[in-house]
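In our numbering, the protein residues as written are 1 to 245.
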Ligand code: APR
């Protein structure tokens with residue numbers, strides 16, 4: 001359990017934190033996602049046009065997630081939570097690697113690939129503990145099931161909750177996101193003025209907005225170093241010697 005008034009670390013993660021677990025990022029492959037155009041497999045129009053192709057695409061992604069394992073970055077964040085620091089994770093990722101590493105407070109801004117949902121009622125959601133979604137799999141209201149993920153052009157229902165969490169941060173740790181997608185990228189502006197922020201990403205020197213510390217390292221290298229420092233000092237501050245690496 002966290003101590004009352006424990007320092008509050010809010011972590012915003014993107015595809016980069018799962019890269020070392022073998023799950024490819026989005027923008028490294030010139031707009032293709034595993035050789036599929038985003039429009040064809042990650043939009044409501046693509047699903048309406050060819051639902052079977054979209055369902056098969058997410059089945060493949062889901063099996064990739066099930067084969068993947070949390071890496072040192074996921075594990076370090078769970079370790080920090082066990083050390084008594086309050087850690088809230090807001091992830092753009094649809095995988096469950098934060099949860100499998102042991103993190104208990106995870107908000108999936110763009111949904112979860114291991115959940116299916118009704119295509120007519122967002123409240124009807126079904127865990128996919130095994131297998132995938134087939135054409136003809138229907139919800140309790142008889143409509144086709146779809147992956148419980150946010151497609152391009154769809155609203156981000158959890159964005160308000162995410163803003164409320166960031167607004168309570170003492171430290172904002174951003175890991176492995178190009179900050180290219182709205183509204184996720186706007187979350188950085190919700191942090192309290194007195195909060196510090198740091199970006200861990202090999203491209204941090206190019207990506208970090210003004211006033212944000214930068215650690216140009218992979219998640220697996222940078223996050224454990226920060227966690228080790230924060231556990232040793234018990235304070236969520238930025239170690240100058242570790243930044244701008
Ligand atoms: N460690 C840390 N960061 C890494 C690593 C790594 N090992 N490898 C790559 N990165 C960084 C890249 O430099 C890049 O800045 O991860 C970032 C990945 O950026 P994107 O591919 O744009 O992924 P993301 O920011 O999560 O995309 C946001 O866009 O496609 C939609 O809904 C999808 O959630 C996704 C959203």
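Virtual Cβ for every residue (Gly too), placed ideally from N, Cα, C.
Query	Result
Residues bridged to residue 177 [DSSP beta-bridge criterion]	Paired residues: none, contrary to the question.
Nearest residue (CA-CA) to residue 212, options 175, 81, 135 and 48	175
Assigned exposure category for residue 250 - 16 Cβ within 10 Å defines buried	Summary: the structure shown does not reach residue 250, with the chain confined to residues 1 through 245, and so no result is reported for it.
Check: residue 201 C-beta below 8 Å from any heavy atom of the ligand APR	yes
Endpoints, the alpha helix (DSSP H) within which residue 207 is located	204-207
Inter-residue spacing [alpha-carbon to alpha-carbon] between residue 160 and residue 107	11 Å
DSSP state of residue 235 mapped onto helix, strand, coil	coil
As assigned by DSSP and simplified to three states, the class of residue 64	helix
Paired residues, beta bridge with residue 144 - DSSP	138
Three-state secondary structure (DSSP) of residue 98	helix
Three-state class that DSSP yields for residue 151 in the structure shown	coil
Exposed unless 16 or more other CB atoms sit within 10 angstroms - verdict on residue 130	exposed
Cα-Cα separation between residue 7 and residue 20, rounded to whole angstroms	28 Å
Same chain only: Cβ atoms within 7 Å of residue 245, ignoring 5 sequence neighbours per side	In this prediction, residue 245 scores a pLDDT of 47, lower than 50, which makes its location untrustworthy; no coordinate-derived value is stated.
Simplified DSSP state of residue 42, which is helix, strand or coil	coil
Proximal residues to residue 97 (C-beta, below 7 Å), its chain only, five neighbours per side dropped	18, 21, 68, 70 and 74
Residue 211: first and last residue of the uninterrupted beta strand (DSSP E) it sits in	Note, residue 211: premise wrong, no beta strand (DSSP E); not H, not E.
Residue 46 beta carbon near the ligand APR (any heavy atom closer than 8 Å)	no
Local conformation of residue 7 per DSSP, three classes	coil
C-alpha distance - residue 230 paired with residue 121, whole-angstrom precision	43 Å
Secondary structure of residue 35, DSSP reduced to three states	coil
Alpha-carbon to alpha-carbon, residue 93 and residue 123	20 Å
Three-state secondary structure (DSSP) of residue 15	coil
The ligand SAH heavy atom lying under 8 Å from the CB of residue 173	Annotation note on the ligand SAH: not contained in the displayed structure, which lists the ligand APR as its ligands.
Spatial neighbours of residue 99 in its chain, beta-carbon cut-off 7 Å, leaving aside the 5 residues before and after	106
Under 9 Å between C-beta atoms of residue 172 and residue 197	yes
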